[in-house]
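Chemist: The sequence shown runs 348 to 566 under this note's numbering.
Every residue gets a Cβ at the ideal spot worked out from N, C-alpha and C, and that includes glycine.
Since the structure is predicted, the reported quantities are computational estimates derived from the model, not experimental observations.
Mind looking over this structure? Questions follow.
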Amino acid sequence: MKTTNLVLLGPPGAGKGTQAEKLTAEFAIPHISTGDIFRAAIKDQTPLGKKAQKYLDGGELVPDEIVIGIVAERLRQQDTEGGFLLDGFPRTVPQADALTDFLTAEGRRLTAVINIAVPPEVLVKRLSGRRICRQCGAVYHVERKKEKQAGVCDQCGGPLYQREDDREEIVRNRLEVYFRQTEPLIRYYQEAGLLLEVNGDQDIAGVYQEIITALRGTG
Ligand code: AP5
Ligand code: MG
Ligand code: ZN
348 MKTTNLVLLG
358 PPGAGKGTQA
368 EKLTAEFAIP
378 HISTGDIFRA
388 AIKDQTPLGK
398 KAQKYLDGGE
408 LVPDEIVIGI
418 VAERLRQQDT
428 EGGFLLDGFP
438 RTVPQADALT
448 DFLTAEGRRL
458 TAVINIAVPP
468 EVLVKRLSGR
478 RICRQCGAVY
488 HVERKKEKQA
498 GVCDQCGGPL
508 YQREDDREEI
518 VRNRLEVYFR
528 QTEPLIRYYQ
538 EAGLLLEVNG
548 DQDIAGVYQE
558 IITALRGTG
């Protein structure tokens, strides 16, 4: 069976989580979102959650050594052997280097890195309108992807909530952090011959189609 090891790159609000849901269902691979891992740890007040909380609340990055350890541990689990999708990792050059080293040491490699490009002014709107299911993580938007019954998830009936860091001033800081620390990875993966660029400023189905088409050319 063909292994599909994907990374979704893109600014906050680009639609990484939205596309990840579709892609992981299509390829039957686990969805590894570092943001989701941290939010779950914060909710449960685990030692990791206690360390991570102040960074997420302020829209800053969790230190590399913490994130790298978490992802390495996750990628050692058996369910990633047939492929995986990383959403929100790597986010810095040291994280990308650590991922390359880790995979190489295990005789694995990335299939592709998909960069979802969206202009900054669109991102603030998307994030401030985002709502998420507390139970299953499904993502909605108050204008563009409304749930059928107000405040209730279409997929599982769970309650919807707004993320702490989706408040406008925190969103602006997340974007600054993205441009400073994460955007250099576009070039990094271009040089590695792994980058697929997609236009994220179109409807959700259109972005998905572009990703699927781009992936056909990879091996
Ligand atoms: P994380 O959870 O990764 O957040 P993020 O990168 O800021 O990305 P988002 O989840 O906000 O956006 P998304 O691209 O997933 O968009 P979505 O699909 O939801 O990270 C959070 C925090 O955790 C970080 O700030 C940091 O503190 C920490 N962290 C995580 N990873 C880390 C790492 N590697 N290193 C260090 N720290 C780390 O869509 C957004 C909205 O837009 C939704 O409402 C959706 O419905 C809507 N939408 C989606 N697609 C479209 C479309 N095509 N058209 C219109 N609307 C759309
Ligand atoms: Mg996300
Ligand atoms: Zn749900």
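Using the DSSP secondary-structure output, state which residues sit across from E544 in a beta bridge.
Modeler: Residue 544 sits at position 197 when you count from the first residue of the sequence shown. Its beta-bridge partners are N462.
Chemist: Does the beta-carbon of R477 have 16 or more other beta-carbons within 10 angstroms, so that it is buried, or is it exposed?
Modeler: By 1-based counting over the sequence shown, the position of residue 477 is 130. Classification for R477: buried.
Chemist: By how many angstroms is the C-alpha of L432 removed from the C-alpha of R456?
Modeler: For the purposes of this step, residue 456 is taken as residue 109 along the sequence shown, with counting starting at 1. For the purposes of this step, residue 432 is taken as residue 85 along the sequence shown, with counting starting at 1. Computed Cα separation, rounded: 12 Å.
Chemist: For G564, which three-state DSSP category applies?
Modeler: Numbered from its first residue, the sequence shown carries residue 564 at position 217. Three-state DSSP puts G564 in coil, outside helix and strand.
Chemist: Tell me whether I479 is buried or exposed, calling it buried when 16 or more other Cβ atoms sit within 10 Å of its Cβ.
Modeler: Counting from 1 along the sequence shown, the entry for residue 479 is found at position 132. The residue in question, I479, is buried, as its Cβ has 16 or more Cβ neighbours within 10 Å.
Chemist: Would you list the residues sitting across from T351 in a DSSP beta bridge?
Modeler: As a first step, residue 351 is located in the sequence shown; it is residue number 4 there, counting from the start. Bridge partners of T351: G430.
Chemist: Could you check what DSSP says for P506 in three-state terms: helix, strand or coil?
Modeler: Locating residue 506 in the sequence shown gives position 159, where the first residue counts as 1. The answer is strand: DSSP assigns P506 an E or B state.
Chemist: Residue ranges of each beta strand (DSSP E) run of no fewer than 3 residues wholly in the segment 509-537, ordered along the chain?
Modeler: Within the segment 509-537, no complete beta strand (DSSP E) run reaches 3 residues.
Chemist: Beta-carbon separation of P358 and L522 under 8 Å?
Modeler: Position 11 of the sequence shown holds residue 358. Position 175 of the sequence shown holds residue 522. The answer is yes: Cβ separation under 8 Å.
Chemist: Buried or exposed: which applies to F436, given that a residue is buried once 16 or more other Cβ atoms fall within 10 Å of its Cβ?
Modeler: As a first step, residue 436 is located in the sequence shown; it is residue number 89 there, counting from the start. The residue in question, F436, is buried, as its Cβ has 16 or more Cβ neighbours within 10 Å.
Chemist: Could you say if the segment 549-566 and the segment 529-538 meet the contact criterion of at least three C-beta pairs nearer than 8 Å?
Modeler: The segment 549-566, when compared against the segment 529-538, does not touch it at the 8 Å Cβ threshold.
Chemist: Less than 7 Å separating the Cβ of A372 from some heavy atom of the ligand AP5?
Modeler: The residue given as residue 372 occupies position 25 in the sequence shown. False, no ligand heavy atom lies under 7 Å from that Cβ.
Chemist: Excluding the 5 residues preceding and the 5 following I379 in the sequence, name in chain order all residues of the same chain whose CB lies nearer than 8 Å to its CB.
Modeler: Stepping through the sequence shown from its first residue, residue 379 is reached at position 32. The residues are V418, R421, L422, T427, F431, L432, L433, D434, F436.
Chemist: Ignoring anything shorter than 3 residues or poking outside the segment 433-492, list the beta strand (DSSP E) runs there in chain order.
Modeler: 459-464, 477-480, 486-488
Chemist: When we look at the beta-carbon of F526 and count the other beta-carbons within 10 Å, is it buried (16 or more) or exposed?
Modeler: Within the sequence shown, numbered from 1, the residue matching residue 526 stands at position 179. It counts as exposed.
Chemist: Could you spell out the range, first to last residue, of the beta strand (DSSP E) harbouring I379?
Modeler: Within the sequence shown, numbered from 1, the residue matching residue 379 stands at position 32. Its beta strand (DSSP E) spans residues 378-380.
Chemist: Just list the residues that DSSP pairs L356 with in beta bridges.
Modeler: Walking along the sequence shown from the start, residue 356 turns up at place 9. DSSP lists N462 as partners of L356.
Chemist: Which residues end up in the neighbourhood of the ligand MG when you take C-beta atoms closer than 7 Å to any of its heavy atoms?
Modeler: Qualifying residues come out as K363, G364, S380, G382, D434, G435.
Chemist: For N462, is the classification buried or exposed, using 16 other Cβ atoms within 10 angstroms of its Cβ as the cut-off for buried?
Modeler: Counting from 1 along the sequence shown, the entry for residue 462 is found at position 115. Buried.
Chemist: Quick one: grab the DSSP three-state call for V499.
Modeler: As a first step, residue 499 must be located in the sequence shown, where it is residue number 152. In this structure, V499 counts as strand in the three-state DSSP scheme.
Chemist: Below 8 Å, how does it come out for the segment 437-448 and the segment 407-418: are there three or more Cβ pairs, yes or no?
Modeler: yes
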